[in-house]
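S.K.:
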Amino acid sequence: MTRRVLSVIVLLWMTASVWGSDYSVKPVEFPNVKLKDGFWRPRQEINRKHSIPFAFEQCEKTGRVDNFRLVAGNAPKGYHYVTPVFNDTDIYKGIEAASFDMAVNPDPKMDAYLDHLIAIVASAQQPDGYLYTPLTCGDKTSKQVKDWTNSERWGLLARSHELYNAGHLFEAAAAHHIATGKNNFLDIATKLADMLVKTFGPGMDQIQDVPGHEVIEMGLVKLYRVTNKKEYLDLAKFFVDMRGRSDLRNSRNPNPKAMYGPYSQDHKPLVEQDEAVGHAVRATYYYAGATDTAVLCNDEKSFDALKKIWDNVVTKKLALTGGLGGTPHGEAFADNFVLRNFVGETYNETCAQIGGSYWHHRMFLADPDAKYYDVLERTIYNALISGVSLSGDHFFYPNPLASHGGYVRAPWFGCACCPQNLMRFVASLGGYVYAVENNATSGDTLYVGLYIANQATVRMGDRNVKLDMQSGFPNQGNVLLNVAPENEGEWTLALRIPGWATGKPVPSELYRYVKKDIETILSHPPKITVNGETVPCDAKKGFVFVKRNWKSGDQVKIDFAMPLVRVLCDERVVDDRDRVALEKGPLVYCFEGCDNKDGVFNLIVDAETKSLNPIVAVRPALGDSEVVEIDAARLQRNENGEIQKQNVRAVAVPYPVWGNRNDGTMQVWMSRNENSVSLPPKYSPKSTTSFARPKDRMPERLKDVHDGLVPNENRPHVPHFDWWPRLGTVEWIRYDFEKPVTITKSSVYWFDDTGTGNCRVPASWRLTYLDGNEWKPVDLKESFRYGTEKKKLHEVEFPPVSIRSIRLEVTLPTDFSSGLYEWTVE
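Numbers in our numbering are just positions in the sequence shown, counted from 1, shifted up by 113.
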């Protein structure tokens with residue numbers, strides 16, 4: 114065993130056997146688990162060969178490296194600081210990802226490049242250890258630098274990201290030291306950490322405050338594990354406990370006693386919290402770090418609070434894909450049972466899924482229950498890995514569950530937190546497969562949490578155990594585990610029984626399978642054999658514990674049925690009433706327009722009464738994903754505008770691979786009856802749409818005004834068009850028909866986002882039609898008026914008029930903009 118691998122095993126967790134000094138269960142670290150499956154291993158190779166080098170190239174091109182050079186006085190002539198103020202972390206996370214990869218795949222060229230980067234970072238560190246380039250660069254030309262920092266250190270902790278940057282530096286430095294055995298980056302980290310220990314804390318001469326954006330807590334704990342300096346753990350616990358304590362604040366912020374509120378989980382002390390709130394990345398980083406400190410410092414009250422928060426997420430705030438962060442407003446957790454689907458209405462930021470995965474895993478290590486792995490598995494196979502393209506060089510920031518088209522992965526972002534976050538997670542994924550518990554009472558237990566094909570070496574008591582797992586996951590449920598301890602002995606193998614294999618998609622009632630599919634699942638229960646002998650599947654906390662005298666050559670076979678099943682949602686989730694989704698094993702499925710040429714929003718998937726008659730086929734172009742074809746129905750209008758229903762075959766693909774072929778439509782939650790189907794209005798489809806000042810808005814938004822969608826009880830949030838940022842002006846939107854048409858009525862449904870945005874119903878509006886070169890108003894019938902009330906379809910009628918062009922003219926309210934969900938003419 115190499116020194117590098119040994120260092121990882123010994124130092125990354127250094128877990129003890131008693132809860133209160135450390136986690137009772139410790140993971141088998143990723144350098145000892147070599148993935149070899151057809152889903153994750155190719156992604157790790159692409160991550161190593163393409164994604165990580167690409168990210169460093171982008172950091173060089175976009176000034177993230179030059180920001181450090183600017184502080185050191187050797188930036189290119191005329192260079193100005195590049196924001197956001199947390200750009201430093203893109204380099205830190207890149208170093209962490211590369212370090213994780215080098216721990217498994219030594220790379221002298223990458224090793225030398227990291228030393229080069231670390232030297233540049235070191236050149237920007239101040240003599241006392243302070244390291245935050247926005248404040249020390251001396252460049253005040255950037256508005257964000259001026260607005261988000263203060264001339265004094267720690268003077269604007271609410272948004273400066275000083276401690277956020279430090280937290281990611283600490284994580285990266287620990288990873289680099291462990292992977293390489295070098296101290297060059299670790300020395301930078303400990304110099305900064307030592308300064309923080311002197312600066313923050315409960316002492317009279319110390320600052321008593323917390324950062325707006327968490328991650329310093331996890332970073333300090335990782336640094337503590339590497340250095341064994343308890344003051345780092347103490348400071349992490351201080352930052353966790355100080356949140357929500359305005360009575361103890363003694364900061365340099367403009368208002369020393371001010372708290373940042375729910376957005377930053379700073380509305381009440383952790384021990385009083387029971388709901389996941391605020392910015393989802395900040396929250397999950399905080400909950401993960403707080404789990405660390407609760408366990409390491411034997412704080413059972415804090416851990417009890419974290420269990421309540423976790424239960425709140427899983428029972429009320431978890432997307433079917435495992436996504437966290439249900440609203441784009443503040444990139445935050447939405448209210449209970451508010452789980453939306455479309456681009457622009459939900460968020461599910463990639464970073465939040467990574468933070469959530471850190472948290473789920475830590476909760477399991479503290480409380481060995483398979484329910485945490487059920488959510489972890491759902492997240493990593495769906496909402497997390499969907500954040501990167503199959504080619505490894507395009508990325509999603511939000512991960513919606515529906516799109517009207519035009520939403521594509523980007524090659525990079527101005528705020529580029531997600532790409533490198535994905536890279537560091539994927540590189541270290543092997544560390545989530547196994548975990549070991551050493552207990553003086555019950556003996557040694559090896560937990561199998563994920564069924565990813567791998568080869569591993571695990572330390573069990575006084576022996577090494579070699580494992581060779583063959584697995585069909587995520588496409589097939591067959592698992593073969595060859596066990597080869599270096600000497601035989603008694604210990605326990607704990608095999609996770611996924612909730613989906615027992616008829617329960619999540620450990621709550623938020624989602625459920627339809628009755629017919631539960632019957633199918635229960636008729637094919639999981640089957641476990643050891644050396645051909647059947648083992649009873651009596652699970653405790655989601656695990657089957659097989660205790661025996663294990664010897665080399667022992668073979669464990671597990672068979673999980675993986676039928677295609679239908680999922681329903683809690684009725685309190687209004688957006689998904691009358692809807693159904695598909696799953697197969699750990700994978701959520703979605704429907705894309707490129708596979709269903711007549712659309713996905715007018716499809717109906719039967720929820721209960723009959724079989725879907727699925728046909729499964731492997732599609733190499735989608736990373737050998739299994740694509741399914743099912744029975745469905747489609748609603749369409751014929752040439753006369755009449756609605757017709759026909760039986761069709763529809764195609765669904767695994768959610769993590771959607772958007773890899775084009776930028777078309779996509780939907781996870783499908784209509785299960787005609788009430789929730791989206792159909793275009795009855796007017797001629799051979800028309801074009803235009804509007805005033807198209808440069809202000811994306812032209813593709815025009816389709817939203819004639820997509821047939823208006824809010825209702827079953828579908829309260831639908832796409833819209835608006836004139837923002839125009840305020841108080843007269844605007845218009847127009848239909849031009851291919852040939853003259855006769856119209857007699859029109860209807861409008863106004864968009865109003867009072868409380869969350871700047872659109873209100875218009876001050877007034879009218880319809881005009883083009884007569885020669887003159888726009889003339891239509892002559893409304895006496896009983897009709899141009900209504901502007903919210904949450905209402907406003908219909909007007911007028912004597913028949915033959916037109917080629919009609920225009921909706923809108924006077925925006927003073928100081929506000931306006932918008933509309935739908936405009937139809939008949």
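C-beta atoms are modelled at their ideal positions from N, C-alpha and C, and glycine is treated no differently.
What residue ranges within the stretch 420-481 form continuous beta strand (DSSP E) runs of no fewer than 3 residues, ordered along the chain?
M.R.: Taking only runs of at least 3 residues, no beta strand (DSSP E) segment lies wholly in the stretch 420-481.
S.K.: Quick one, are the C-beta atoms of Ala237 and Thr249 less than 9 Å apart?
M.R.: Cβ distance < 9 Å, so Ala237 and Thr249 count as in contact.
S.K.: How is the alpha helix (DSSP H) around Ile233 delimited, first residue to last?
M.R.: Ile233 -> alpha helix (DSSP H) spans 221-236.
S.K.: Are the CB atoms of Tyr399 and Glu330 within a distance shorter than 9 Å?
M.R.: Yes, these two residues count as a Cβ contact at 9 Å.
S.K.: Use the C-beta contact count for Ile610: other C-beta atoms within 10 angstroms, 16 or more gives buried, fewer gives exposed.
M.R.: So Ile610 counts as buried.
S.K.: Give me the Cβ distance between Lys816 and His380, rounded to the nearest whole Å; I'm assuming they're in contact under 8 Å.
M.R.: The Cβ separation is near 40 Å, so there is no contact.
S.K.: So Ile204 and Leu244 are in contact, right, with Cβ under 8 Å, and what is the actual spacing, rounded?
M.R.: Incorrect: roughly 12 Å between the Cβ atoms, too far for contact.
S.K.: Quick check on the burial criterion: 16 or more other C-beta atoms within 10 angstroms. Buried or exposed for Ala418?
M.R.: By the neighbour-count rule (16 or more Cβ atoms within 10 Å), Ala418 is buried.
S.K.: Short check: CB of Val561 to CB of Val546, under 9 Å?
M.R.: Yes, the Cβ-Cβ distance between Val561 and Val546 is below 9 Å.
S.K.: Report yes if the C-beta of Glu142 is less than 8 Å from at least one heavy atom of the ligand SAM; otherwise report no.
M.R.: Looking for the ligand SAM in the displayed structure turns up nothing, as the structure carries no ligands at all.
S.K.: Reducing DSSP to helix, strand and coil, say where Ser797 ends up.
M.R.: Its pLDDT being 46, under 50, Ser797 is placed unreliably by the model, and the measurement read from it follows with that caveat. Coil at Ser797, not helix or strand.
S.K.: Entirely within the stretch 242-319 and at least 3 residues each: give me those beta strand (DSSP E) ranges in chain order.
M.R.: Runs of the beta strand (DSSP E) inside the stretch 242-319: none found.
S.K.: Do Ala288 and Ser212 have their C-beta atoms closer together than 9 Å?
M.R.: Going by C-beta atoms, Ala288 is nearer than 9 Å to Ser212.
S.K.: Going by DSSP, what residues sit across from Trp888 in a beta bridge?
M.R.: Beta-bridge pairing links Trp888 to Leu883.
S.K.: For Tyr588, which of Thr312, Cys531, Val731 has the nearest alpha-carbon?
M.R.: In the sequence on display, residue 588 carries Asn and not Tyr. Checking every option, the nearest Cα to that of Asn588 belongs to Val731.
S.K.: Who does Ser877 pair with in a DSSP beta bridge?
M.R.: Looking at the DSSP assignment, Ser877 forms a beta bridge with Thr924.
S.K.: Hey, out of Asp322, Lys222, Lys370, whose CA is closest to Ala349's CA?
M.R.: Nearest option by C-alpha distance: Asp322.
S.K.: Output the boundary residues of the beta strand (DSSP E) element that contains Ser860.
M.R.: Taken as a continuous stretch (DSSP letters only), the beta strand (DSSP E) holding Ser860 covers 843-864.
S.K.: Quick one: using the 10 Å Cβ neighbour count with 16 as the cut-off for buried, is Asp487 buried or exposed?
M.R.: So Asp487 counts as buried.
S.K.: Do you know whose CA, among Gln780, Met476, Asp224, Asp220, lies nearest Tyr520's CA?
M.R.: Of the candidates Gln780, Met476, Asp224, Asp220, the one whose C-alpha sits nearest the C-alpha of Tyr520 is Gln780.
S.K.: Return the Cβ separation of Arg679 and Val657 in integer angstroms, given the expectation that the two are a contact with Cβ distance under 8 Å.
M.R.: Rounded, the Cβ-Cβ distance is 27 Å, inconsistent with contact.
S.K.: List the whole-angstrom C-beta distance separating Gly439 from Val451, where the pair is believed to meet the contact cut-off of C-beta under 8 Å.
M.R.: Indeed they touch by this definition, with Cβ atoms about 6 Å apart.
S.K.: Can you tell me which of Lys335, Leu921, Thr924, Glu895 puts its alpha carbon nearest to the alpha carbon of Phe911?
M.R.: If we check each option's Cα against that of Phe911, Glu895 comes out closest.
S.K.: Based on the DSSP output, what are the partners of Lys670 in its beta bridges?
M.R.: The partner list for Lys670 (beta bridge, DSSP) reads Leu593, Thr642.
S.K.: Please state whether DSSP places Val938 in a helix, a strand or coil.
M.R.: Looking at Val938 - three-state DSSP - the assignment turns out to be strand.
S.K.: To the nearest angstrom, how far is the alpha carbon of Val339 from that of Glu622?
M.R.: Distance between the alpha carbons of Val339 and Glu622: 41 Å.
S.K.: Taking only three categories from DSSP, how would you classify Ile208?
M.R.: It is helical.
S.K.: So Asp135 packs on Val408, CB below 8 Å; how close in whole Å?
M.R.: With 8 Å as the limit, Asp135 and Val408 qualify as a contact, their Cβ atoms being about 6 Å apart.
S.K.: Out of Val740, Gly736, Val596, Val619, which has the shortest C-alpha to C-alpha gap to Leu677?
M.R.: Nearest option by C-alpha distance: Val740.
S.K.: Using 8 Å as the Cβ pair cut-off and three pairs as the minimum, do the stretch 565-574 and the stretch 145-153 touch?
M.R.: They touch, by the three-pair rule.
S.K.: Which residues mark the beginning and the end of the beta strand (DSSP E) in which Val750 is found?
M.R.: According to the sequence shown, residue 750 is Arg rather than Val. Unbroken beta strand (DSSP E) run through Arg750: 738-750.
S.K.: Can you give me the C-alpha to C-alpha distance between Leu883 and Pro838, rounded to a whole angstrom?
M.R.: Approximately 27 Å, taken between the alpha carbons.
S.K.: Could you please give the first and the last residue of the uninterrupted beta strand (DSSP E) stretch that includes Lys629?
M.R.: Element bounds for Lys629: not the beta strand (DSSP E) but the alpha helix (DSSP H), 628-635.
S.K.: Are the CB atoms of Ser499 and Gly772 nearer to each other than 9 Å?
M.R.: Yes, the pair counts as a contact, with Cβ atoms nearer than the cut-off.
S.K.: At which residues does the alpha helix (DSSP H) containing Asn187 begin and terminate?
M.R.: From DSSP, Asn187 is part of no alpha helix (DSSP H); its letter is neither H nor E.
S.K.: According to DSSP, Phe975 sits in a beta bridge with which residue or residues?
M.R.: Residue 975 cannot be examined here, being either before or after the span of the chain that is shown, 114 to 939.
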